[in-house]
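Following: one structure in structure tokens, then a few remarks.
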Amino acid sequence: MAATFAAASALWPIYRSTEFVVLVVVAFAFGVLVAVSGAVFRWPAWLVGLVTIAVFLLAGVPLAIPGEAINRFLPSAQGLLDLVRATALSWKQLVTIVLPVGSYQALLVPALILVLLSTVAGLSIALRARVGELAALAPVALFIAGIGLGPTTATTPIESGLGLFVVLLFWLLWLRSVRLHGIVRLVSQQSRRTIESAADRRLGAARRLVSAALIIAVAIAAGTVAAIALPVGVPRDVLRARVQQPFDPRAFPSPLSAFRGYLQPGAADQALLEVSGLPPGGRLRIATLDSYDGIVYSVGSGTVASASGSFTRLPDRLDQSAVGGEQVSLAVTVDGYDGVWVPGAGSLERITFTGPTAVARSDSFFYNDNSGTAAVLTGLTRGDRYTSVAVMPREPASLATLQPGTAVLPALEVVPDDLDQVLARHVRPGDPPGVQLQAMLAGLKTDGYISHGIGADEPVSRSGHGADRIGQLFTDQPMLGDAEQYSVAAALLARRLGFPARVVVGFAPRVPRGSGSVTVTGSDVSAWIEVQSADGRWVTVDPNPAVRDIPAKQPDKPTVVSRPQSVVPPAVPDTAEQRDPAPPERTIEDPPAPLDPLLALLLAAATVAGWTLLGLAVLAAPFLLIIGAKARRRRLRRTLTTPLDRIRGGWREFADAALDYGIDVPAGATRIEVAETVGGPGTLDFASVVDRAVFAPDRPGTVEADTVWASVTEMRAGLAAGKKRRTRLAALVSLRSLGRYAGGTSVLRSVRGKGGSAT
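Counting in this note's numbering, the sequence shown runs from 2 upward without gaps.
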């Protein structure tokens, strides 16, 4: 449990929500239930897998997609469909979205899969596998997955990795200690020679395994200290740094800002696109804009919920049958046009790029079905060709019948001050919303005149569509502007009337009737608006006035300003002596006084000492765990139930101490042979005492067991006598005795199979 929770903490920077904590706890509980049931009832691996999948389907919706659960506890049909879909698709979305994600959509599904699988796999291996140590790989894999799916900045606490390392190392040592204790208890019934012979055959492999684990532990500890003392400032190389991010429209300038550029001399007559298949009166959309900050109208916004700012790769085909309209097929050849925006018409069903750049354009194509805007990250250049199939929605018979839709658009941050005055001039209160919309558009077309401000014979018309420019459009007499200003003004006025409205930038070429082929030039650039009706459709509305003669500008009415009367203050009498004025109150706080040099030195020394002690503690942790494991083993041997088992445990403690001091005991040697190999005073007598206690017809008592353990203490002290301190420390942390019975379960099985006895 501790290892799973420590590993799951690596996923916390991704979610940072209460739903994630609940998911980890419940998924771990379900995983334990499945793994324990499989071990108790001896389920085959395929059955454990099927039960795990069933648990995932039953608990997946309430845990990972709580918004689609019935009464918060039961999966719904739509929830199950999204759960299955998210099993394959949510991984890519998770590494291409801004963190943290909380419980957004189905992005908790990867966390559920990782926690559930790691729990079931790890616990099943620990309970059923021959080499239970492999179970440690499950939480390690979970921890690595959390880092790989996480942010590019190291936000995972270093304590998580350190805690996981300590827990796993302690568990591995405890597992080996339990195996060793089980073997010691079986010695009273089995043959000692057979056990030692089987154990010695495994001793080399176990020793190498434990030594490798110790080396890895020291390396991780050293890396942890280095990460704490010297944090890395560069971004981490994780999956989200490798995966290509989705198209972000906010990274590119608004196409409406370049509106006047298409109309400049030399650009107005330039051929941009060759289009065939466009119906008469049809328009080519460059981009749909729905976010206005008072300076520029742009595509999408910084919020996750902004549907117009979320671009995805286009599948083989989009189903646009719900749009209801006429299907059109366009063939486009790019000439002088360039940029990331892909011109198109209607709601796109499919698009096919051709020519030498087809693969590059297809791989970088993104589409937003909500706004009908398409883009390629690599940008379009001269010679690119593509064909698209789309559905052109039907236009309503009259705007007067429209009712406002329910689409949620990014909030307007800044709006011109004269919106209400303009509406008051053209809209009558109490009229239906559609009638008010129609009256507002008619007023703009009546009062407005088209002027790009480019030609020598055109009145001055400033470009731009910020709040100040739209305010100038409303106050100028006559009202002068072009599609850039009129589209933004109409969108803002429509939104004030309650209609969801957005600006569309594109081309409105004159398509000859009977011929669907046309050359689009810069002079065909235009901008219009779309308003959403109550049935969810976006209706195209052209707010631009007709081109006509512009009347002379009316002079501004002078404003009479009355000058206020001046009041002469009374004279200040001279005083022979004036007091110094009081010093003004200080409005800026004085900086804090610097620390005393001695105190600053002590604090710096304490900081260095603290980090040093922490590093030493991390480095010493593996050795302390080894010493603790040996002390626990010695206590278990000394507190066995029967005196005979305690005597056998005492001999085993002495033999292990000799092994830790580097004395090689021959395989299958008797106690007398071991004593002769070890040497030293009293070892032969000690071996004889143990043999008599084991093979005597009378069972030994507590006094004999206490005497043997007193001798064990003396023998261990004799082994350490005369040795250098370095040798004694090496024996204290030696892993030779801990690895003596590695794989002890299989050894015991072989002993039982042969039916031998052990001393």
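Yeah, the Cβ is synthetic: ideal placement off N, Cα and C, and Gly gets one too.
Residue range of the alpha helix (DSSP H) that includes residue i
i	result
F21	19-41
I352	Note, I352: premise wrong, no alpha helix (DSSP H); beta strand (DSSP E) at 348-355.
F475	468-476
F248	Unbroken run through F248: none, as it is neither H nor E.
V415	Premise fails: V415 is in no alpha helix (DSSP H) and is neither H nor E.
S712	703-721
C-alpha gap between residue i and residue j, whole angstroms
i	j	result
P698	W652	19 Å
W700	L170	Correcting the residue type first, residue 700 is Arg in the shown sequence and not Trp. Each residue's Cα considered, the two are about 40 Å apart.
S524	V335	16 Å
F354	P281	24 Å
G702	D657	24 Å
I455	F508	19 Å
F500	Q404	8 Å
Y450	R386	37 Å
A11	V341	37 Å
W92	V532	36 Å
P67	L118	20 Å
L733	D661	7 Å
G123	A136	4 Å
L273	A89	41 Å
T19	W13	10 Å
V23	L64	8 Å
R717	L615	33 Å
G39	R129	9 Å
V102	G147	14 Å
A618	A142	26 Å
Helix, strand or coil at residue i [DSSP, three-state]
i	result
T402	helix
P76	strand
E531	strand
V540	strand
L290	strand
L498	coil
R503	strand
Y487	helix
Q328	strand
R386	strand
T5	helix
G267	coil
Beta-carbon proximity check, residue i vs residue j, cutoff 8 Å
i	j	result
P111	T5	no
A772	L109	There is no way to answer for residue 772, as the model of the chain reaches only from 2 to 760.
E1	T520	The displayed coordinates of the chain run from 2 to 760. Any statement about residue 1 would go beyond what the structure contains.
A391	S348	yes
A55	V62	no
S299	R251	yes
P394	G326	yes
V1	T53	With the chain covering only 2 through 760, there is no way to say anything about residue 1.
V504	A535	no
G373	V329	no
A490	L474	yes
L736	I664	no
E459	H453	yes
P417	L498	no
V506	L115	no
E134	L173	yes
R672	A659	no
F31	A60	yes
A269	T522	yes
S255	L290	yes
R286	G337	no
V343	L381	yes
N- and C-terminal bounds of the beta strand (DSSP E) containing residue i
i	result
T520	518-522
E275	272-277
Y16	Looking at the DSSP string, Y16 is not in any beta strand (DSSP E); the run it does join, the alpha helix (DSSP H), is 13-16.
P63	Here P63 belongs to no beta strand (DSSP E); instead the alpha helix (DSSP H) covers 46-65.
V341	340-342
M480	480-482
F366	366-369
T374	374-381
G449	449-451
Chain B contact for residue i (CB, 8 Å cutoff)
i	result
A630	Checking the listed chains, one finds no chain B in this structure; it contains a single protein chain.
Inset, instruction - Could you name each continuous alpha helix (DSSP H) segment of 4 residues or more that falls completely within the stretch 662-699, going from the start of the chain to the end? - result: Listed in chain order, the complete alpha helix (DSSP H) runs (minimum 4 residues) inside the stretch 662-699 are 672-679, 684-696.
Please list the segments of the alpha helix (DSSP H) lying wholly inside the stretch 86-132, counting only runs of 4 or more residues, in order along the chain.
110-129
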